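Residue numbers (my numbering): 3 to 364.
Data block below; observations after.
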Ligand SMILES: *Cc1c(COP(=O)(O)O)cnc(C)c1O
């Protein structure tokens with residue numbers, strides 16, 4: 003009915019492309035949160051480990067536990083661990099980012115309770131995104147805590163808010179200056195061999211001089227880097243394929259879909275595809291926003307998107323019920339399809355629903 007074809011050869015290409023951009027000493031964290039951006043985390047994680055990724059990262063503890071249950075043994079960072087799950091996190095041998103005094107204290111208590119020493123943790127600073135992280139002004143407090151030796155501090159990092167924007171970018175530069183100060187504070191005052199990192203995929207392309215000890219790549223592994231000239235070097239790993247359920251011939255003046263959302267201005271043909279809101283096709287599509295590809299030809303999405311279906315205008319295209327239709331992939335990438343839906347590749351890919359089968363090509 004619907005499937006996402008995931009090509010692991012393309013993942014491999016992207017992995018090596020990113021690796022080649024890095025200094026040999028810089029380590030690569032493969033970000034596999036949100037079901038590997040909708041790609042099906044099990045096979046993606048397995049493949050990345052086989053390729054030699056230095057660590058994996060997820061957003062939440064449960065995602066890390068899923069990887070452990072699947073048998074993934076290497077290092078797994080948890081970017082946004084919730085305090086109530088710290089115990090589970092430790093029992094699964096996951097490495098948390100600590101991002102506030104409160105999270106620090108809670109984790110410290112957890113480690114004491116479980117009588118663990120030298121537990122690996124990462125420290126996240128907020129340098130301007132104003133999302134998760136210690137305020138840079140807390141660095142004295144953090145350094146003082148580090149001296150007490152409750153944990154093994156594996157890395158100190160921050161996250162850019164606009165890494166894909168053309169340089170010079172004033173906002174990114176402000177973040178970099180702040181992070182530079184944080185790094186020198188930590189280097190001066192901490193004995194441990196702590197690593198530093200700042201960049202996601204676009205940052206890797208945009209700031210080659212700032213790769214530091216680690217980089218954290220998600221979307222790049224899946225084939226996008228948020229700028230056409232960087233995208234060119236990568237291969238989108240996924241194609242979304244659907245199948246025509248039914249074809250209708252309709253007359254000029256007839257309407258299609260709920261609330262008579264679209265009116266035919268000539269006699270035409272409509273194909274119904276079994277994919278809708280519940281599968282991640284947002285309401286912004288339809289009404290002429292977005293098209294799918296049938297035998298390499300464009301078929302516009304018409305009418306309002308339904309929960310379980312969309313309708314496309316096929317006019318006289320030579321196609322039949324049961325034929326496959328490409329929603330995005332080779333003819334038109336997920337990024338372009340996302341733009342038609344007034345969104346970005348991240349949202350489109352990570353929002354693709356559970357009903358869609360993932361077909362892995364090894
Ligand atoms: C999701 C995430 C990344 C990956 O970003 P991409 O743009 O997908 O490469 C990196 N770092 C952090 C902290 C993240 O949350």
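Where a beta carbon is used, it is the ideal one built from N, C-alpha and C, also for glycine.
Quick caveat, the model's predicted, so the values are computed rather than measured.
{"Query": "Candidates 92, 158, 211, of which the one nearest residue 78 by Cα", "Result": "92"}
{"Query": "Cβ-heavy atom distance, residue 33 to ligand 1, below 7 Å", "Result": "yes"}
{"Query": "Span of the alpha helix (DSSP H) around residue 230", "Result": "230-233"}
{"Query": "Boundaries (first-last residue) of the alpha helix (DSSP H) holding residue 107", "Result": "103-115"}
{"Query": "Residue 318: CB within 7 Å of a non-hydrogen atom of ligand 1", "Result": "no"}
{"Query": "Inter-residue spacing [alpha-carbon to alpha-carbon] between residue 225 and residue 117", "Result": "43 Å"}
{"Query": "Contacting residues, own chain, Cβ-Cβ under 6 Å from residue 90 (five flanking each side not counted)", "Result": "63"}
{"Query": "Integer Cβ distance of residue 37 from residue 277, believed to fall under 8 Å", "Result": "Going by Cβ atoms, the distance from residue 37 to residue 277 rounds to 17 Å, so no, they are not a contact pair."}
{"Query": "6 Å CB neighbourhood of residue 29 in its chain, flanking five on each side removed", "Result": "56, 216"}
{"Query": "is_contact[residue 37, chain C] using C-beta, thresh 8 Å", "Result": "The question asks about chain C, but that chain is absent: this structure has only one protein chain."}
{"Query": "Residue 188 classed as buried or exposed, judged by whether at least 16 other C-beta atoms fall within 10 angstroms", "Result": "buried"}
{"Query": "Any non-hydrogen atom of ligand 1 closer than 7 Å to residue 202 Cβ", "Result": "yes"}
{"Query": "Run of the alpha helix (DSSP H) containing residue 21, from where it starts to where it stops", "Result": "10-23"}
{"Query": "Element boundaries [alpha helix (DSSP H), containing residue 185]", "Result": "172-191"}
{"Query": "Cβ pair residue 66, residue 50 closer than 8 Å", "Result": "no"}
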